[in-house]
Amino acid sequence: MIAKVAPIRRMPQKLSELDYLLPTEMIDKIKVGHLVFIPFRNLLVYGIVTALINDTTASIKNKIKSIGELVWEEPAFTQPQLNFLKEISEFYSTPLGFVLQSALLPLKKTKIKKINFEVKKEITIPERKKPELKIYKNNSEKKEIINKGISSIGQTLIIVPEVSAISEIINCLNTKENTTIISSDLGDKELFDLWVKIRSGLAQVVVGTRRALFMPWADLRSVIVDDEANPNHKSWDMAPRLHAREAALMLAHAHGAQCILTGHTPSVESQYFARVGVYSGTNEPSALHSNSTVLIDMRDQRRGRNYSSISTDLEEAMTTTSGDVFLFINRKGSSSYVGCRDCGFVSKCPTCQRGLVYHENTSTLECHFCHTKVKIFLTCPKCHGTNVAMYGVGTQLLENELKKKNFSDKTILRLDSDTIDIRNEKIEGKKIIIGTQLAWDKIDWSKITLMAFLDADSSLFIPEYKISENLWWQIRDAQFRLPDTAELIIQTGHTEHQIFSNLVQVEEYYKTELQERRLFSYPPFGYILRLYNGEKTALLSERVAQDLVTHLQALTKDQKTITISSPLPFSPTYFKGLYYYGIIVKIGFEKYKQSTKFIGHNIPEKWKFDPNPSNLLSF
890 MIAKVAPIRR
900 MPQKLSELDY
910 LLPTEMIDKI
920 KVGHLVFIPF
930 RNLLVYGIVT
940 ALINDTTASI
950 KNKIKSIGEL
960 VWEEPAFTQP
970 QLNFLKEISE
980 FYSTPLGFVL
990 QSALLPLKKT
1000 KIKKINFEVK
1010 KEITIPERKK
1020 PELKIYKNNS
1030 EKKEIINKGI
1040 SSIGQTLIIV
1050 PEVSAISEII
1060 NCLNTKENTT
1070 IISSDLGDKE
1080 LFDLWVKIRS
1090 GLAQVVVGTR
1100 RALFMPWADL
1110 RSVIVDDEAN
1120 PNHKSWDMAP
1130 RLHAREAALM
1140 LAHAHGAQCI
1150 LTGHTPSVES
1160 QYFARVGVYS
1170 GTNEPSALHS
1180 NSTVLIDMRD
1190 QRRGRNYSSI
1200 STDLEEAMTT
1210 TSGDVFLFIN
1220 RKGSSSYVGC
1230 RDCGFVSKCP
1240 TCQRGLVYHE
1250 NTSTLECHFC
1260 HTKVKIFLTC
1270 PKCHGTNVAM
1280 YGVGTQLLEN
1290 ELKKKNFSDK
1300 TILRLDSDTI
1310 DIRNEKIEGK
1320 KIIIGTQLAW
1330 DKIDWSKITL
1340 MAFLDADSSL
1350 FIPEYKISEN
1360 LWWQIRDAQF
1370 RLPDTAELII
1380 QTGHTEHQIF
1390 SNLVQVEEYY
1400 KTELQERRLF
1410 SYPPFGYILR
1420 LYNGEKTALL
1430 SERVAQDLVT
1440 HLQALTKDQK
1450 TITISSPLPF
1460 SPTYFKGLYY
1470 YGIIVKIGFE
1480 KYKQSTKFIG
1490 HNIPEKWKFD
1500 PNPSNLLSF
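Under my numbering, think of the first position of the sequence shown as 890, with each following residue one higher.
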């Protein structure tokens, strides 16, 4: 008998599984999913048995090596969990050994042999159900949905977008008994013990980030993805570049578990799939905090000769509010960019060509992407004129501006990546908190009585198709988190934009967004893959990308549902010493899984493979 074994190490994608001869004494003991020792080159390494084949051909026996020994009497993974891990490997074009290594406990020989875990008898996979979309308007409804979704007869996994959200879920649970937490913060010893506990079926409810998807489930019956539209569910910087919502659907399908997608704001895709019956769920998203949300048109402020980043309405509200103020601006520094009013020159990073931001405390222009620093210039490098100006507002400039105003009863606190080590809860009394995205999970929302988006539409004109949805989710996330009595002020120069005009008419936002996406076959009307690669010169990078485009177009010429773009430069093109070009592949939903695996199987190993990307042409 032959066993296919995946070595637990990084291997080329096309060599993820190797054939080994099964010794006679192992035939009745070994199962798919067993952890074994295998000879690999001159080493003895760990491997997972992925398939057993009845082949007794003498010629084969003489050519392949035999499996060393079983590590445990019981398989490390059940068949459903192994099926899920193989699907992740194939769909996200990631070597199986690497995926399995992510799913195993720390493999320390001195400790691993001592493990003796009992497992439940083989579970019959129940009839698969449609995924459910459940929307909540407040924490009370969220708590009810979470607790109703927990299985009473098996294991439940609750996936959150980031570590800071774990405590929120724990607080929602009616009972915390047999609840386990999985996150990237765990040390080897903790992960070791929790892995065994989950594999033995002793952990009934597991709350965790994406990492928890890979645990060795013994009897998984329910998978809940909370805040499913949160952009942080997507892994973009390392393989496998999965989206937790997408992977959770695969996991639930493999185990026959119920998958429940929850949140105060459904993603555009999930809302559409619920509407057309792919998901079950009848409740529609509604306006949040609408009575206390105020739009300020900054064009009117300019007409009234107020050129400050603080509108007169906001300044008045800051003076009279009784609690903490949170001023949100997604930009560090003193200004968003420095340029020349005469010739239109804009300061750009000499390394990556992104805009440079002025930092007053160091009198330098800094790139927040590659960290290049340049001295501030007083005359334009292009026309040599002196009409140099700073545009936009950053956290430092806003801090300095507020210190000049009469807010003596409040402490001004800046929270961005330069100051995030400061714990704002140590400061007593009322505060004005100036924060970037990094402050979102650091502040005490219960103390906020006034929040403002200072430059809400600054990102709207970046050419990425999810930009609008991400801002829509972020505004509604603020509305959900704020106390009922708090006021939210949104400053914008584009009050007519669908995001702002539809904060009360929620369905209109989804209707408009879906119409736009249908025009370009963007999700949910198609599936997108992003392929990208870096080379030492821009010319070489473009040429290598063109070669791959030609290759893929030849392979898919008869597949009418696949569209492959020409090579496109990334923004920034130059990043960490390489010039990047990308390829966008659009696939019809009819056979998107099959087509995604096919494309992934036919690209060079060095190329980055990103299904369902957050961005199309930027990092």
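Cβ atoms here follow ideal geometry from the backbone N, Cα and C, with glycine treated the same way.
- Note that the C-beta distance between Glu976 and Thr939 is not below 7 Å.
- Apart from the 5 residues on each side of it in sequence, Asn1491 sits with its Cβ closer than 8 Å to the Cβ of His1440, Leu1441, Leu1444 in its chain, given in chain order.
- Boundaries of the beta strand (DSSP E) harbouring Pro896: 891 to 896, taken from the DSSP string.
- Note on Cys1232: under 16 other CB atoms within 10 angstroms of its CB, so exposed under the neighbour-count rule.
- Taking each of Tyr1025, Val1167, Arg1134 in turn and checking the Cα distance to Pro1502, the smallest one comes out for Arg1134.
- Excluding its 5 nearest sequence neighbours in each direction, Arg1303 has C-beta neighbours in its own chain below 6 Å: Thr1284, Glu1288, Ile1323, listed in chain order.
- Within the segment 1134 to 1173, complete alpha helix (DSSP H) segments of at least 4 residues are found at 1157 to 1164, given in chain order.
- With respect to the C-alpha of Asn1422, the residue from Tyr1468, Lys1019, Ala1345 having the closest C-alpha is Tyr1468.
- Tyr1025 carries a coil assignment under DSSP once its states are collapsed to helix, strand and coil.
- Restricted to the segment 1038 to 1098, the alpha helix (DSSP H) segments that are unbroken, complete and at least 4 residues in length are 1055 to 1061, 1077 to 1088, listed in chain order.
- A residue is called buried when at least 16 other Cβ atoms come within 10 angstroms of its Cβ; Asp1077 does not meet this threshold and is exposed.
- Tyr935 sits in a strand when the DSSP states are folded into three classes.
- Put simply, the backbone Cα of Gly1415 is about 20 Å away from that of Ala1137.
- For Leu1080, the closest alpha carbon among the candidates Arg1164, Ser991, Ala1128, Lys1019 is that of Ser991.
- For His1490, the enclosing alpha helix (DSSP H) begins and ends at 1481 to 1490.
- Comparing alpha carbon positions, the residue from Gly1212, Val1183, Lys1123 closest to Pro1500 is Lys1123.
- CA-to-CA, the gap between Glu1397 and Asn1391 works out to about 6 Å.
- In this chain, the alpha helix (DSSP H) harbouring Ala1206 covers 1201 to 1209.
- Going by C-alpha positions, Leu1371 is about 40 Å away from Ile1476.
- Sorting Glu1205, Thr1064, Ile1199 by C-alpha distance to the C-alpha of Phe1217 places Ile1199 at the top.
- Burial state of Asn972 is buried, judged by a 10 Å Cβ sphere holding 16 or more other Cβ atoms.
- By the Cβ neighbour-count rule, Val1094 is buried, with 16 or more other Cβ atoms within 10 Å of its own.
- The beta carbon of Tyr981 sits closer than 8 Å to those of Ala1128, Pro1129, Arg1130, Leu1131, Gly1489, Phe1498, Pro1500, all from its chain and outside the five residues before and after it, given in chain order.
- Sorting Pro1270, Cys1269, His1248, Ala1206 by C-alpha distance to the C-alpha of Thr1261 places His1248 at the top.
- Taking a cut-off of 8 Å on C-beta distances, the segment 1055 to 1073 does not touch the segment 1324 to 1344, as fewer than three cross pairs fall below it.
- Under the DSSP assignment, Arg1191 falls in the alpha helix (DSSP H) whose first and last residues are 1187 to 1192.
- Secondary structure of Thr1439 (DSSP, three-state): helix.
- Sorting Gly1170, Val1157, Thr1154 by C-alpha distance to the C-alpha of Cys1148 places Gly1170 at the top.
- Boundaries of the alpha helix (DSSP H) around Gly986: 985 to 992.
- Rounded to the nearest angstrom, the gap between the Cα atoms of Ile1185 and Gln1404 is 27 Å.
- Lys1237 is bridged by DSSP to Gly1244.
- Counting only residues of its own chain and dropping the five nearest sequence neighbours on each side, Arg1243 has a CB closer than 7 Å to the CB of Lys1237, Cys1256, Phe1258, Pro1461.
- At least 7 Å separates the beta-carbon of Asp1126 from that of Val1049.
- By the C-beta density criterion, Val1393 is exposed, having fewer than 16 other C-beta atoms within 10 angstroms.
- With 16 or more other CB atoms across the displayed protein chains lying within 10 angstroms of its CB, Leu1254 is buried.
- Val934 and Ile891 do not touch by the CB rule: their CB atoms are close to 19 Å apart, not below 8 Å.
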